[in-house]
Amino acid sequence: MGSRIEHRGEFSGTLAEVFLAVSGEEAVRARLSALGGDNGKLLSYTGEGDSVRYELEHGINAARLPQAVRALIKGDIIVRRTQTWQRSGESYTGRTDVSVGGVPGEIGAQTSLAPSAEKVIFRTSGEVVVRIPLFGGRIEEFVSEQVTSLLRREDEFTAQWLADHR
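Letter 108 of the sequence shown, counting from 1, is numbered 108 in full-length UniProt numbering, and no numbers are missing.
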């Protein structure tokens with residue numbers, strides 16, 4: 001089944017400004033440095049016109065994981081995240097795919113940036129799936145909460161980035 005992820009962020013600025021703050025290489029590197037966890041890395045970045053694709057690696061120290069998760073997953077966790085963006089009319093649509101080393105499952109989400117009055121709305125809608133009998137649901141809920149928390153922190157970072165780079 002899986003656990004749903006639904007998130008909505010709202011930013012002041014033009015669509016072009018918010019797109020650059022969300023997906024520009026300089027902003028992605030700065031966000032990763034601020035929020036990327038242990039040994040965060042930008043593995044690849046390609047930007048061509050109105051299309052962007054990048055891959056990140058986040059590290060999570062085992063000591064930061066809840067006991068229930070540490071009992072199932074030994075050692076640190078490496079998270080790989082791929083994000084794509086493409087212009088779609090007067091908005092941008094994208095896809096986020098995440099894999100967690102050593103965990104049978106994945107996170108997938110649709111993303112969008114769309115103007116609305118004087119704001120730009122950033123939406124994420126996805127699902128966490130962990131295929132571990134008996135414990136998968138608990139891990140899905142934990143991961144879903146962590147992803148939502150990360151998205152809120154990324155929104156805060158993006159809002160500050162926009163304020164600092166106008």
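No residue lacks a Cβ here, since even glycine has one placed at the ideal position from N, Cα and C.
As the structure is a computational prediction, the values presented were derived from the model and not from experiment.
Grab me the residues of residue i's own chain with a C-beta within less than 8 Å of its C-beta, minus the 5 sequence neighbours each way, in chain order.
i, result
"Arg31", "Glu154, Phe157, Thr158 and Trp161"
"Arg166", "Gly13 and Glu17"
By DSSP's criteria, residue i is part of a beta bridge. Which residues make up the other side?
i, result
"Gly105", "Val130"
"Pro115", "Val120"
"Asp97", "Thr82 and Gly108"
"Ile60", "Ile77"
What is the C-beta distance between residue i and residue j, in whole angstroms, given that I count them as a contact (C-beta under 8 Å)?
i, j, result
"Glu140", "Gly2", "6 Å"
"Ala27", "Ala21", "5 Å"
Taking just the CA atoms, how far does residue j sit from residue i?
i, j, result
"Gln67", "Val103", "16 Å"
"residue 239", "Thr82", "With the chain represented from 1 up to 166, any question about residue 239 goes unanswered, as that position is not in the structure."
"Val130", "Thr84", "23 Å"
"Gly137", "Ala63", "21 Å"
"Glu10", "Leu65", "30 Å"
"Leu151", "Leu42", "18 Å"
"residue 168", "Ser112", "The chain is shown from 1 up to 166; residue 168 falls before or after that span and cannot be answered."
Here's a check: name, in chain order, each residue in its chain whose Cβ is nearer than 6 Å to the Cβ of residue i, leaving out the five neighbours to either side.
i, result
"Gly101", "Ile78"
"Glu115", "The sequence as given places Pro at residue 115; Glu does not occur at that position. Same-chain partners within the cutoff: Leu15."
"His58", "Gly36, Gly37, Gly40 and Val79"
"Glu6", "Ser125"
Just to confirm my understanding: we take residue i, look at its own chain, exclude 5 residues before and 5 after, and list those with CB closer than 7 Å. What are they?
i, result
"Ser99", "Arg80 and Glu106"
"Asn61", "Asp38 and Asp76"
May I ask whether a heavy atom of the ligand FMN can be found less than 7 Å away from the beta carbon of residue i?
i, result
"Ala63", "The ligand FMN is absent from the structure shown, which contains no ligands of any kind."
Three CB pairs or more closer than 8 Å across the stretch 44–55 and the stretch 117–130: The answer is no - the stretch 117–130 does not touch the stretch 44–55, with fewer than three Cβ pairs under 8 Å.
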